[in-house]
Amino acid sequence: MRLLITGPPGAGKGTQAGAIAQHYGIVPVSTGELFRDNIQLGTPLGRQIKDLIAAGNLVPDSLTNEMVFQRLASPDVRKQGGYLLDGYPRTLEQVKALDAELVRSRRRLNAVLALVADPQQLVERLLDRALKEGRADDNAESIRQRIDVYHAETAPLVEVYRERDLLVEVDALGTVEEVRGRITAALDAKVGATR
Ligand code: B4P
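Residue numbers (this note's numbering): 20 to 214.
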């Protein structure tokens, strides 16, 4: 089972990814989390991307693709036999790279989950997280930039996957549990036939 989860900043990708992955017995792979781990560990990649992420910009495609494919090739992901990509792909170039990787590995995606909400309605969530977690990119200026980047780079992906008949859209507004219930029902209905 191979799933993607996409949506504007604060839509609940990271919040919901673990439960979805557990539901299907697959491994959640979050590019945002992998980047933050690299920053925290002070790796060469982490030092290279720290300021970009703090400012709300995307990490270059080449670095992102390399990191994702390394993770997908790791023993635990291979053993589990499936994954949920959280926050990847985020650009049309990343879609192309993932397509090529799927062809190479003779696999296909089962579904693409899009969490739907007006990004402006999600700003409060991110500002609230700023108070709790102090993430470097959860400040008003970076949030604005992340929303702009989302509209310019990531929103077009929804149409790409809609055309491929992979898209499952779920309303991201409501409590975490309400959204989780909608996601599970919608994904079960979509992938039941393709599993
Ligand atoms: P991410 O880690 O993906 O950041 P995000 O968009 O904020 O999503 P996240 O999953 O963390 O938050 P969520 O909506 O679950 O990316 C961070 C940065 O890394 C990017 O800006 C970029 O620089 C870089 N990056 C990542 N992937 C990349 C790629 N492919 N290419 C290039 N660069 C990349 O949650 C937000 C908050 O809302 C939380 O506090 C949560 O508790 C709360 N929340 C969630 N659902 C809620 C609900 N239903 N009700 C109330 N609160 C809710």
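Backbone N, C-alpha and C define an ideal beta-carbon position, used for all residues, glycine too.
Check, Outcome
"What is the DSSP secondary structure of G138, reduced to helix, strand or coil?", "Here residue 138 is Pro; the residue named in the question, Gly, does not match the sequence. Of the three classes helix, strand and coil, the one that applies to P138 here is helix, per DSSP."
"So what does DSSP say about L77, is it helix, strand or coil?", "coil"
"If I'm right that R21 touches G106 with Cβ under 8 Å, what's the distance once you round it to whole angstroms?", "At roughly 15 Å, the Cβ-Cβ gap does not stay under 8 Å, so R21 and G106 are not in contact."
"Is Q99 close to the ligand B4P? I mean its beta-carbon at under 7 Å from any heavy atom of the ligand.", "no"
"DSSP beta-bridge partners for S49?", "D105"
"Is any heavy atom in the ligand B4P found nearer than 7 Å to the beta carbon of N129?", "no"
"Roughly how many whole angstroms lie between the Cα atoms of Q59 and G51?", "12 Å"
"By a C-beta neighbour count over all protein chains shown, 10 Å radius and 16 as the cutoff for buried, is D147 buried or exposed?", "exposed"
"Express the C-alpha separation of H170 and N84 in angstroms, rounding to a whole number.", "21 Å"
"My guess is that L8 and R109 are in contact by the Cβ rule of under 8 Å, so how many angstroms apart are they, rounded?", "The structure shown does not extend to residue 8, since the chain is modelled only from 20 to 214, so the question has no answer here."
"Of the residues I162, L111, R97, which one's Cα is nearest the Cα of E178?", "L111"
"Taking 7 Å as the cut-off, is the CB of N57 close to at least one heavy atom of the ligand B4P?", "no"
"In the DSSP assignment, the alpha helix (DSSP H) including D118 goes from what residue to what residue?", "111-123"
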